[in-house]
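Those sequence lines, one after another, are chains A and B. If you count the first sequence from 1, you need to add 339 to reach the numbering used here. 363 is the number that the numbering used here gives to position 375 of the second sequence; each next residue is one higher, with no gaps. Note that beta-carbon positions come from the ideal geometry of N, C-alpha and C, so glycine has one too. Model, not experiment: these values are computed from the prediction. Below is one structure, written out as structure tokens; comments come after it.
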Amino acid sequence: MRPLMLQGHSRAITQIKYNREGDLIFSAAKDASPCLWYSHNGERLGTFDGHNGTVWCIDIDWKTQQFLSGGGDMTIRLWDCETGKELNQLDRDSPVRTSLFSYSGNMVVYSTDAAMSKPCEIFLADVRDPDQLGESVTRITVEGPKVTALLWGPLDHTLITGHESGKLTQWDLRTNKIITTVEDHQATINDMQASKDGTMFITASKDHTSKLFDMDTLECLKTYKTERPVNSGCISPNLEHVCLGGGQEAMEVTTTATSQGKFEARFFHLVFEEEFARVKGHFGPINSLGFHPGGTQYASGAEDGYLRVHNFDQSYFDYKYDFYM
Amino acid sequence: MAKKKDSVDHGSTEGVKNGGDVDPDFSDPEGYVDDITDEELCGDLLRKKPRETDGVESIIVVDGLPVVGEDRLDKLKGVLRKIFGKFGNISSEYFAPGDIEGVTAAQASGNPLPTTYMFIEYENSAAALEAVKTMDSYKFDKSHTLLVNLFTDFDKYENIPENWVTPQPQPYKDPGNLWYHLLEPDSFDQYLILKIGVSKGGTAANDLLVMLNASPEPTEVLNRAGGTETIAKWSPSGTYLASFHGKGVAIWGGKDFEKINRYAHPHAELIDFSPNERYLVTFAPRAERMYDNSEVLIIWEIRTGAKKRTFSEIYKSPWPVIKWSHDDKYFAKMGPDTISVYETPSFRLQDNRSVKIAGVRDFSWSPSDNILAYWVAEDKDVPARVTLLEIPSRNEIRAKNLFNVAECRMHWQKSGDFLCVKVDRYSKVKKEKHDTKYSGLYYNFEIFHMREKQIPVDSVEIKEPIIAFAWEPIGSKFTIIHGEQNNVNTSFYGVKKGDTPTLLKKFERKRFNALFWAPQGQFIVLALLKSAEGPLEFIDTSDFTIMSTLMPEMTTDVEWDPTGRFVSACVSAWSGKVSDTGFTLLNFQGRVLRKERIDRFGNLFWRPRPPCLLSNAQIKDIKKNLKKYSPQFETKDRLRLSKASKEMLQKRQDILDAWSDYRRKKEDDYSQQKKQRMLLRNNVDTDELDSDKSQMHEETIDVLIREDIVPIEE
Chain A
340 MRPLMLQGHS
350 RAITQIKYNR
360 EGDLIFSAAK
370 DASPCLWYSH
380 NGERLGTFDG
390 HNGTVWCIDI
400 DWKTQQFLSG
410 GGDMTIRLWD
420 CETGKELNQL
430 DRDSPVRTSL
440 FSYSGNMVVY
450 STDAAMSKPC
460 EIFLADVRDP
470 DQLGESVTRI
480 TVEGPKVTAL
490 LWGPLDHTLI
500 TGHESGKLTQ
510 WDLRTNKIIT
520 TVEDHQATIN
530 DMQASKDGTM
540 FITASKDHTS
550 KLFDMDTLEC
560 LKTYKTERPV
570 NSGCISPNLE
580 HVCLGGGQEA
590 MEVTTTATSQ
600 GKFEARFFHL
610 VFEEEFARVK
620 GHFGPINSLG
630 FHPGGTQYAS
640 GAEDGYLRVH
650 NFDQSYFDYK
660 YDFYM
Chain B
-11 MAKKKDSVDH
-1 GSTEGVKNGG
9 DVDPDFSDPE
19 GYVDDITDEE
29 LCGDLLRKKP
39 RETDGVESII
49 VVDGLPVVGE
59 DRLDKLKGVL
69 RKIFGKFGNI
79 SSEYFAPGDI
89 EGVTAAQASG
99 NPLPTTYMFI
109 EYENSAAALE
119 AVKTMDSYKF
129 DKSHTLLVNL
139 FTDFDKYENI
149 PENWVTPQPQ
159 PYKDPGNLWY
169 HLLEPDSFDQ
179 YLILKIGVSK
189 GGTAANDLLV
199 MLNASPEPTE
209 VLNRAGGTET
219 IAKWSPSGTY
229 LASFHGKGVA
239 IWGGKDFEKI
249 NRYAHPHAEL
259 IDFSPNERYL
269 VTFAPRAERM
279 YDNSEVLIIW
289 EIRTGAKKRT
299 FSEIYKSPWP
309 VIKWSHDDKY
319 FAKMGPDTIS
329 VYETPSFRLQ
339 DNRSVKIAGV
349 RDFSWSPSDN
359 ILAYWVAEDK
369 DVPARVTLLE
379 IPSRNEIRAK
389 NLFNVAECRM
399 HWQKSGDFLC
409 VKVDRYSKVK
419 KEKHDTKYSG
429 LYYNFEIFHM
439 REKQIPVDSV
449 EIKEPIIAFA
459 WEPIGSKFTI
469 IHGEQNNVNT
479 SFYGVKKGDT
489 PTLLKKFERK
499 RFNALFWAPQ
509 GQFIVLALLK
519 SAEGPLEFID
529 TSDFTIMSTL
539 MPEMTTDVEW
549 DPTGRFVSAC
559 VSAWSGKVSD
569 TGFTLLNFQG
579 RVLRKERIDR
589 FGNLFWRPRP
599 PCLLSNAQIK
609 DIKKNLKKYS
619 PQFETKDRLR
629 LSKASKEMLQ
639 KRQDILDAWS
649 DYRRKKEDDY
659 SQQKKQRMLL
669 RNNVDTDELD
679 SDKSQMHEET
689 IDVLIREDIV
699 PIEE
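Shown next, in the form of structure tokens:
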């Protein structure tokens, strides 16, 4: 089936996310307005207007009531999903790089860049009352390389951060201490996404690999190798597949032909670490990928400013790996 | 004492003469004991005092000279002066006359002729040293070989310390079977992968990896991190693998790539094996600047590790400076207006003299015969000339004059059947101070038919610039890539006995810049190297069908395996590429067999094989009955493939089992946490999309979809 091309952003896409039910897609780009789309036909419902610069990170709570965004204008903003109205905004000293709702939706966590002689910090706030966004429950100053990706651990007890150096850190939120640090990656962690049940997560790194980790122990379970930086990776909710996106770095794109850039979305078998399919289409590196919660489609947002939503054909579901004797 | 007194006396008389003044008294006081030694007074002068042994280092002894009568003595001395005068000015000489009666007696009785000797003193010791090095065991005439020694050697060998012991003979080290790799039952070939290492502490260290090109998966034979500092090289028959290190060159071989030998030559940058792997040439251009006694070029015997000959300076010419004849019997090097041919194993100048050729520009050996081809540049009215010289007789077996020549290039066919000289000719020439500028260039290919009587020469003229040229290694075709930037053509010519070369096929307007013949001929790969999206084309030249055309993103090197079954197309990191380096393995038809991406991939070198032991007739016979042999190999391949796929399935099953165990544990944990999860989300079950029916609202959306069915035409 032909993919849906969602055209609405004027600049490179930075992050896309499905809501829990999968009927909506949220997208953020280097233009200032995150967009909201229907996933089944690609129609745009509206935009969240207010940011004054690149929006780096977005998230939706599990009830699809609140929408969270942070960006290069050094603000973190909380929005009402239904109306698109801004509920609260907070100025920070440096750009907001990552932001997430907790499993319960009661808490948010976000991190800021180490920039302009300000350190990288992680903030936690209770947003049951949006006015409390500014009252940080916890504030952790991160020493060393800055946080570039973020995840909540099971039952909101822990936090996992991916860093610019490639290391992963697990934080205990009751004591704000580091539990574990692993250094399986050699370069920036661009993205981390949890599996459907939250027991595992997949990383995407500039070191050309993507790895699967155990959420509790940070044990590296699988490695998926490519020959380009990986910008985003996601795990299929119903099949043993992972999808990776990336390609040549944005700054080198103009100097090479599209075929050399390797801008395809690449499908690997979760267990065997083998690539079995590629989906072409983008003419810039994919920056963010998301599986539909039902596993029936996936969406990709790329440096070229487009969102592509692909519904899987029957042949995708019929395809079986032969490993039986 | 006497001296001092004398001077004092002298002083006093002088004083008196000058009148009046009373000079101070210099005489020793009473009872003075002179305890000052001469060493203290004028040590510096004494040290300079000439000694009897001074200059001994500049003296050589020449033994083994013929004894001649009075009448011929002057002539003999004249000859010797000329020979030995080459190394420096002779300051004195002494010739022992010898026993002339003894000669007649010896001639009468048949005893060996008596010999005599002479001393020669040079102005400096360097000249003496050089004379000994070059002239020792010089063949003076048929029955006289000169023995030349330094005079100081006598001293050296007379004063051998008493406790000197004869060196113990070293036990013979068995290097094992150096051709172990040829015992591989399926005749899989090996290839070497060089990975560019990250330099540690200033010295670069590159990794070496030897793989066996087995089916269906290659297997690792050797993995040596930091195995060489620069690059690595196989010997011509693949027996040895040479690696470069700061102190010199090492060679490895046998089953486990043990060290076979090493050759200490600091900063050796280039090496060259002789064709039969008997000798190794190492070249360290930096040695000239770094050490006083510079050994820029060293020729080693591979098995013993002995230095056979060294050269301290070499004439500027492209590597290899030393060119070997096909049988290792001779090697030659070019100097200004000379070609020096040396013999092995004596490592002396063949016939004691170099071949004088005024204006020689380049030379090369025939790959199958001891024939040397060289060309001489044009000089005013004298035309340029290509000459074939037979060694050791030095007979000119063929020469051809050429006019308006800017440059020549000699290409031997691998079997030595033909020599092609590519001649760049000009129609106009402009001479500036130091440069000569040629314009209106056109190109001639002079084909020498080596196997025919009198060696007839044919020529092919092409007006366009030449990009590449190559002979079919076995066969009689040659290929030329020629043309301008946007109009590049590839022409195939065939050479027949007693006939001018005929154009067999021309592929027009196809941009290639390199061509690679299969080692057995017939198949050829045309490539556009070092360019983005450069094509690779596989052609069967028996009927000129294009078997396959590929468009890889980039190719920097192409190499055939020694059997002509496989081709490697590489993207090397030496070219400056950072990503996508690695190689593609293709079969001879251009079908991609495997692609490998390797970070910091430098080179791939196939391990060469020794020449085939089968006779031409046997090879022909096999080719004829190929149908008889091929089924057994096909079954073998199939068997291997099915075995491998079985193994792979087993491996996958194991991985899957381990994974399922892990997941089961995790899923247990997960279901135990269900209560806590529900608590976090207001007791709503969100584990599955439809797990909480109370939260589900059915909504029907009508979407208009038009369906078009368009058959896609091929």
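Compare the C-beta of B:S519 against all C-beta atoms of chain D and say whether one is closer than 8 Å. Annotation note: the requested chain D is absent from the structure, which comprises protein chains A and B.
Rounded separation between A:E579 and A:R350 - CA only: Residue numbering aside, residue 579 of chain A sits at position 240 when the first sequence is read from its first letter. Residue numbering aside, residue 350 of chain A sits at position 11 when the first sequence is read from its first letter. The alpha-carbon atoms of A:E579 and A:R350 are separated by roughly 33 Å.
Could you check whether A:T393 and A:G410 sit closer than 8 Å to each other, using their CB atoms as the reference points? The residue given as residue 410 of chain A occupies position 71 in the first sequence. The residue given as residue 393 of chain A occupies position 54 in the first sequence. Yes, the Cβ-Cβ distance between A:G410 and A:T393 is below 8 Å.
Suppose the cutoff is 8 Å on Cβ atoms and the five residues either side in sequence are ignored; what does the same chain contact list for A:Q405 look like? Taking the first sequence and counting its residues from 1, one reaches residue 405 of chain A at position 66. Result list for A:Q405: I399, L417, W418, D419, C420, L426, F440, G444, V466, P469, in chain order.
Give the residues of chain A in contact with B:Q664, contact being defined as C-beta atoms less than 7 Å apart. Taking the second sequence and counting its residues from 1, one reaches residue 664 of chain B at position 676. Result: L494.
Using only the alpha-carbon positions, how far apart do B:D531 and B:I359 sit? If you number the second sequence from 1, residue 531 of chain B lands on position 543. If you number the second sequence from 1, residue 359 of chain B lands on position 371. So the alpha carbons of these two residues sit roughly 34 Å apart.
State buried or exposed for B:R669, treating a residue as buried only when at least 16 other CB atoms are found within 10 Å of its CB. As a working note, residue 669 of chain B is residue 681 in the second sequence. Counting of Cβ neighbours within 10 angstroms places B:R669 among the buried residues, the total reaching 16 or more.
Give the secondary structure of B:N604 by DSSP, where H, G and I count as helix, E and B as strand, and everything else as coil. Sequence index remark: in the second sequence, residue 604 of chain B carries index 616 (1-based). B:N604 falls in the helix class under three-state DSSP.
How would you list, in chain order, the residues of chain B whose beta-carbon sits under 7 Å from the beta-carbon of A:V610? On the first sequence, position 271 is the one that residue 610 of chain A refers to. Those are I643, L644, W647, listed as they occur along chain B.
Does any residue of chain A have a CB that is nearer than 8 Å to the CB of B:R669? Counting from 1 along the second sequence, the entry for residue 669 of chain B is found at position 681. For B:R669, the nearest beta carbon of chain A is closer than 8 Å to its own beta carbon.
For the alpha helix (DSSP H) containing A:M539, name the first residue and the last one. Residue numbering aside, residue 539 of chain A sits at position 200 when the first sequence is read from its first letter. Counting along the chain, A:M539 falls outside any alpha helix (DSSP H), though it belongs to the beta strand (DSSP E) covering 539 to 544.
Please state whether the Cβ-Cβ distance between B:G522 and B:T543 is less than 8 Å. Residue mapping note: residue 522 of chain B aligns to position 534 of the second sequence, counting from 1. Residue mapping note: residue 543 of chain B aligns to position 555 of the second sequence, counting from 1. Contact: yes.
For B:A520, which residues from the same chain have a beta carbon less than 8 Å from its beta carbon, with the 5 sequence-adjacent residues on both sides left out? As a first step, residue 520 of chain B must be located in the second sequence, where it is residue number 532. The answer, listed in chain order, is E541, M542.
Taking 8 Å as the threshold (beta carbon to beta carbon), is B:K183 in contact with chain A? The residue labelled residue 183 of chain B in the question sits at position 195 within the second sequence. By the rule that beta-carbons nearer than 8 Å mark a contact, B:K183 does not touch chain A.
Residue burial classification, B:L516 (beta-carbon count within 10 angstroms, cutoff 16): In the second sequence, counting from the first residue as 1, residue 516 of chain B sits at position 528. So B:L516 counts as buried.
Quick one: measure Cβ to Cβ for B:T326 and B:S305, integer angstroms, because I've assumed they're closer than 8 Å. Taking the second sequence and counting its residues from 1, the one referred to as residue 326 of chain B is at position 338. Taking the second sequence and counting its residues from 1, the one referred to as residue 305 of chain B is at position 317. Cβ atoms of B:T326 and B:S305 stay farther apart than 8 Å, at about 12 Å.
List the whole-angstrom C-beta distance separating A:S571 from A:I625, where the pair is believed to meet the contact cut-off of C-beta under 8 Å. Locating residue 571 of chain A in the first sequence gives position 232, where the first residue counts as 1. Locating residue 625 of chain A in the first sequence gives position 286, where the first residue counts as 1. Right, the Cβ-Cβ distance comes to about 6 Å (below 8 Å), so this counts as a contact.
Can you tell me the Cα-Cα spacing of B:V409 and B:G164, whole angstroms? If you number the second sequence from 1, residue 409 of chain B lands on position 421. If you number the second sequence from 1, residue 164 of chain B lands on position 176. Across the structure, B:V409 and B:G164 are spaced so that their CA atoms are roughly 44 Å apart.
Once DSSP output is grouped into helix, strand and coil, what is the label at B:T703? Past the edges of chain B, shown from -11 to 702, lies residue 703 of chain B, and the structure says nothing about it.
Mind checking the segment 624 to 642 of chain B against chain A and listing, in chain order, the residues whose C-beta falls within less than 8 Å of any C-beta there? Cβ contacts with chain A come from K634, L637, Q638, R640, Q641.
Any contact between the segment 395 to 414 of chain B and the segment 444 to 459 of chain B? By contact I mean 3 or more CB pairs, one from each, below 8 Å. They touch, by the three-pair rule.
Determine the chain A residues that contact B:T674 at a beta-carbon separation under 8 Å, and present them in chain order. Walking along the second sequence from the start, residue 674 of chain B turns up at place 686. Within chain A, R359, W401 have C-beta atoms less than 8 Å from the C-beta of B:T674, given in sequence order.
Contact under 8 Å by Cβ, B:K451 with B:Y426: What you label residue 451 of chain B is simply residue 463 of the second sequence in a count that begins at 1. What you label residue 426 of chain B is simply residue 438 of the second sequence in a count that begins at 1. Result no, Cβ atoms of B:K451 and B:Y426 do not sit closer than 8 Å.
CA-to-CA distance, B:V49 to B:A(-10), given in whole angstroms: For the purposes of this step, residue -10 of chain B is identified with residue 2 of the second sequence, where counting begins at 1. For the purposes of this step, residue 49 of chain B is identified with residue 61 of the second sequence, where counting begins at 1. Note that B:A(-10) scores 42 on pLDDT, short of 50, meaning its location in the model is unreliable and no value can be drawn from it.
Which of the three DSSP states is assigned to B:T488 in this structure? On the second sequence, position 500 is the one that residue 488 of chain B refers to. Coil at B:T488, not helix or strand.
Beta strand (DSSP E) containing A:M446: first to last residue? The count along the first sequence starts at 1 and reaches residue 446 of chain A at position 107. The continuous beta strand (DSSP E) containing A:M446 extends over residues 446 to 451.
Can you find at least 3 beta carbon pairs, one from the segment 64 to 80 of chain B and one from the segment 29 to 38 of chain B, that sit closer than 8 Å? No, they do not touch.
CB A:T353 to CB A:K369, shorter than 8 Å? On the first sequence, residue 353 of chain A is found 14 positions in, with the first residue counted as 1. On the first sequence, residue 369 of chain A is found 30 positions in, with the first residue counted as 1. Cβ atoms of A:T353 and A:K369: closer than 8 Å.
Output, in sequence order along the chain, the residues in the segment 291 to 324 of chain B whose CB is closer than 8 Å to any CB in chain A. Cβ proximity to chain A below 8 Å picks out nothing from the segment 291 to 324 of chain B.
So A:G644 contacts chain B; which residues on that side make the cut at Cβ distance below 7 Å? Taking the first sequence and counting its residues from 1, the one referred to as residue 644 of chain A is at position 305. Those within 7 Å of A:G644 in chain B number zero; the least Cβ separation is about 24 Å.
Have a look at A:L512, A:F607, A:D555 and flag the residue whose alpha-carbon is nearest the alpha-carbon of A:L463. The residue labelled residue 463 of chain A in the question sits at position 124 within the first sequence. Among A:L512, A:F607, A:D555, the Cα nearest to that of A:L463 belongs to A:L512.
Under 8 Å, CB to CB, which of the residues in the segment 558 to 576 of chain A have a partner in chain B? Within the segment 558 to 576 of chain A, the residues whose Cβ lies closer than 8 Å to some Cβ of chain B are L560, E566, R567, listed in chain order.
So, using beta-carbon positions, are B:I310 and B:K296 closer together than 8 Å? Counting from 1 along the second sequence, the entry for residue 310 of chain B is found at position 322. Counting from 1 along the second sequence, the entry for residue 296 of chain B is found at position 308. For B:I310 and B:K296, no; Cβs fall outside 8 Å.
How would you label A:A604, buried or exposed, when you count the other beta carbons within 10 angstroms and need 16 or more for buried? Looking up residue 604 of chain A in the first sequence gives position 265. Counting C-beta atoms within 10 angstroms of its own C-beta, A:A604 has 16 or more neighbours from the protein chains shown and is therefore classed as buried.
Which of helix, strand or coil DSSP assigns to B:D(-6): Within the second sequence, the letter at position 6 stands for residue -6 of chain B. The predicted model places B:D(-6) with a pLDDT of 45, which falls under 50 and marks its position as unreliable; any figure quoted below should be read in that light. Helix.
Assign B:L581 to one of two classes, buried (16 or more other C-beta atoms within 10 Å of its C-beta) or exposed (fewer than that). The residue given as residue 581 of chain B occupies position 593 in the second sequence. Exposed is the call here.
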